[in-house]
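Remarks on the structure that follows.
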Amino acid sequence: MKKEVGQGAVVVLAVAIIAAIIGAAAVYFLMPMPPVKEKEEANVLTLYHWWTSGGEKAAIEALISVYKSKYPDVAVVQSPVAGGAGFVMKTLMKSLVLAGEAPDAFQMHVGYEGQPYYDAGYLEPITDLWISEGWADVMPSVLVDSCKFDDEFYMVPVNIHRTNVLWYNKTVLDAAGIDPATLTTWDAFFAACETLKTTPPAGLESPIAVARGWVHHHILEQIIAGEGATFYQDYVNGKVTSATDPKLLNALETYKTYLSYCNEDRESLVDWPEATAKVITGKAAFEIMGDWAAGEWLLTGKVFGTEWGAMAVPGTSGMWGLCSDAFQHCSGVAHPTRSTEWLKVVGSKEGQAAFNLKKGSIPARTDVDPTPFNVYQKDAMADFKAADHVFPSVAHGTGAPEAFASEMWDIAATFATKLDVSATAKAITDAVKAAQDDYVKVWAI
Ligand code: GAL
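In the numbering used here, the protein residues as written are 34 to 478.
And the structure:
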């Protein structure tokens with residue numbers, strides 16, 4: 034006979050199963066748990082910069098080599114974004130940072146360029162690092178101040194570039210009988226250009242070389258500085274607001290004359306290295322450019338003083354146009370330890386020596402041994418120390434609010450094709466007025 038399982042037995046069995054499950058669960062939850070492993074930071078450093086010319090590439094490679102010698106296990110992933118003065122990269126960086134995709138560090142100029150990031154809360158203060166590394170004791174105060182917002186540090190500068198340099202091919206000038214030492218005024222300079230135009234030495238295509246785009250803003254800025262330190266101070270403090278300001282009009286007239294001696298193909302030259310190459314090869318005699326151009330001359334092995342030379346842009350002797358490249362630490366970067374290690378190398382003696390030797394600039398630190406540097410750079414170190422006026426570049430992010438600086442790129446580029454002095458003076462002063470609320474710093478030059 035089949036034995037039926039009674040209802041009572043079913044209940045007993047169910048209770049036993051439930052008890053067993055609860056017991057097993059209790060044992061599981063009471064067991065000591067292995068510690069939750071924190072997500073480990075990868076051995077990767079992500080970097081963005083716009084150093085793509087020969088000299089620039091050599092400089093960033095040298096800096097990365099110093100980093101690699103200290104942190105050999107870290108893979109450095111660089112993303113170079115072509116476009117001088119960062120005219121492409123700056124826009125790209127803004128969108129990456131906004132999207133929470135900031136790299137571990139990216140090239141940025143000291144001063145105003147960091148302000149929008151700071152205002153929006155994307156930068157982390159690195160004051161502790163500045164103190165532990167002692168950077169404020171070994172860098173010039175104008176630079177130290179430009180790395181701060183509201184008394185905290187947010188950037189580490191790697192160099193000091195000079196913007197107001199007139200470069201020349203000495204071999205060409207010698208052939209034309211022109212002594213560069215006499216070219217301290219615009220009149221003397223344009224007279225030399227006239228000589229080169231009417232009786233050009235073999236191979237010369239135009240007295241001056243220039244490329245398109247942001248380069249026009251760079252040059253116009255140096256000419257504006259040539260109107261005097263007081264005028265430039267007003268300019269960066271947002272006080273040049275009259276479209277009939279005689280100094281502003283004069284600067285534009287001077288630039289118009291300058292352009293009349295430039296290469297005809299200038300609007301097809303993609304960026305500054307192509308203009309610099311024209312001077313190096315003797316197709317042009319002069320160019321106004323920052324001393325990243327020295328990085329290109331250095332690669333040629335030509336001798337400074339004999340084959341190439343440099344002097345202050347007419348009207349700016351004793352003045353130094355300040356452009357300085359820096360890196361920062363954005364909040365929420367993927368590899369914060371790597372970012373801090375990178376900043377340490379950027380601010381180190383060893384890093385700055387390696388980078389600047391190739392870059393054409395001088396170290397941001399004043400305690401780097403000058404012995405291995407080129408004559409141009411040794412002269413630059415002395416000139417910076419002796420400068421009566423250090424004026425911050427707008428074209429290179431430091432001197433004026435971003436809103437104004439980016440407008441100026443377009444205004445100067447438009448001027449170079451339309452050559453309309455009064456319309457440009459109006460556009461510049463309108464842009465100054467539109468950015469009034471953003472002028473939060475008062476420069477004393
Ligand atoms: C500047 C930058 C320099 C150099 C130059 C040309 O803005 O500070 O390091 O790269 O642009 O691209």
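Here a beta-carbon is modelled for each residue, glycine too, at the ideal position from N, C-alpha and C.
I think residue i touches residue j, with their Cβ atoms under 8 Å apart; what is that distance to the nearest whole Å?
i           : j           : result
residue 240 : residue 229 : 4 Å
residue 462 : residue 448 : Not quite, the Cβ-Cβ distance comes to about 14 Å (not below 8 Å), so this is no contact.
residue 107 : residue 387 : 17 Å between Cβ atoms; not a contact.
residue 179 : residue 154 : Rounded, the Cβ-Cβ distance is 20 Å, inconsistent with contact.
residue 88  : residue 354 : Not a contact, Cβ separation roughly 19 Å.
residue 512 : residue 223 : Residue 512 lies beyond the range of the chain shown here (34 to 478); nothing can be said about it.
residue 430 : residue 304 : With a Cβ gap of about 17 Å, residue 430 and residue 304 do not count as contacting.
residue 246 : residue 120 : 7 Å
residue 193 : residue 394 : 6 Å
residue 340 : residue 244 : About 22 Å separates the two Cβ atoms, so there is no contact after all.
residue 166 : residue 370 : Wrong, their Cβ atoms sit about 16 Å apart, outside the cutoff.
residue 468 : residue 444 : No, residue 468 and residue 444 are not in contact; Cβ-Cβ is about 12 Å, not under 8 Å.
residue 172 : residue 399 : 7 Å
residue 312 : residue 427 : That pair is no contact at about 24 Å.
residue 195 : residue 323 : 7 Å
residue 202 : residue 238 : Incorrect: roughly 12 Å between the Cβ atoms, too far for contact.
residue 176 : residue 397 : 6 Å
Measuring alpha carbon to alpha carbon, tell me which residue in the options is nearest residue i.
i           : options               : result
residue 432 : 472, 460, 461 and 331 : 472
residue 338 : 169, 76 and 206       : 206
residue 380 : 369, 357, 393 and 368 : 357
residue 156 : 162, 163 and 148      : 148
residue 332 : 73, 366, 77 and 86    : 86
residue 466 : 274, 256, 303 and 222 : 274
residue 262 : 203, 197 and 302      : 197
residue 123 : 439, 299, 323 and 375 : 439
residue 186 : 174, 313 and 306      : 174
residue 347 : 416, 255, 293 and 218 : 218
residue 479 : 312, 158, 135 and 251 : Nothing can be reported for residue 479, as the shown portion of the chain is limited to 34 through 478.
residue 484 : 344, 407, 283 and 279 : The structure shown does not extend to residue 484, since the chain is modelled only from 34 to 478, so the question has no answer here.
residue 489 : 383, 101, 90 and 216  : Summary: the structure shown does not reach residue 489, with the chain confined to residues 34 through 478, and so no result is reported for it.
residue 216 : 199, 455, 231 and 460 : 199
residue 255 : 376, 287 and 171      : 287
residue 403 : 383, 225 and 367      : 383
residue 150 : 131, 163 and 164      : 131
residue 105 : 374, 169 and 264      : 374
residue 191 : 302, 450 and 401      : 401
residue 271 : 436, 221, 227 and 442 : 436
residue 93  : 325, 426 and 184      : 325
residue 372 : 170, 476 and 135      : 135
residue 450 : 250, 416, 234 and 163 : 250
residue 276 : 459, 231, 267 and 441 : 459
residue 278 : 294, 257, 293 and 298 : 257
residue 182 : 170, 234 and 146      : 146
residue 474 : 280, 168 and 266      : 266
Hey, could you find the ends of the alpha helix (DSSP H) residue i is sitting in?
i           : result
residue 149 : 148-152
residue 82  : Counting along the chain, residue 82 falls outside any alpha helix (DSSP H), though it belongs to the beta strand (DSSP E) covering 77-82.
residue 416 : 408-419
residue 462 : 454-467
residue 160 : 160-166
residue 437 : 435-451
residue 91  : 87-103
residue 305 : 305-313
residue 332 : 326-333
residue 175 : 174-179
residue 127 : 122-131
Which stretch, first to last residue, makes up the beta strand (DSSP E) that contains residue i?
i           : result
residue 341 : 341-345
residue 355 : 352-356
residue 423 : 422-425
residue 188 : 188-190
residue 113 : 108-113
residue 319 : 317-322
residue 239 : 239-241
For the ligand PLP, I want to know if residue i counts as a neighbour, meaning its beta carbon is within less than 6 Å of at least one of the ligand's heavy atoms.
i           : result
residue 118 : Of the ligands this structure carries, namely the ligand GAL, none is the ligand PLP.
Are the stretch 205-218 and the stretch 412-420 in contact at 8 Å, needing three or more beta carbon pairs? no
Touch check for the stretch 104-113 and the stretch 72-83: three-plus C-beta pairs under 8 Å? yes
Scan the stretch 198-235 and note each continuous alpha helix (DSSP H) run of 4 residues or more that stays entirely inside, going in chain order. 203-209 and 219-231
Curious, which full-length alpha helix (DSSP H) runs of at least 4 residues does the stretch 362-402 contain? 369-379 and 382-392
Any contact of the stretch 357-371 with the stretch 125-144, i.e. 3+ C-beta pairs under 8 Å? yes
Threshold first: 3 residues or longer. Then list the beta strand (DSSP E) segments lying entirely within the stretch 235-284, N to C. Counting only runs of at least 3 residues, the stretch 235-284 fully encloses the following beta strand (DSSP E) elements, listed from N- to C-terminal order: 239-241.
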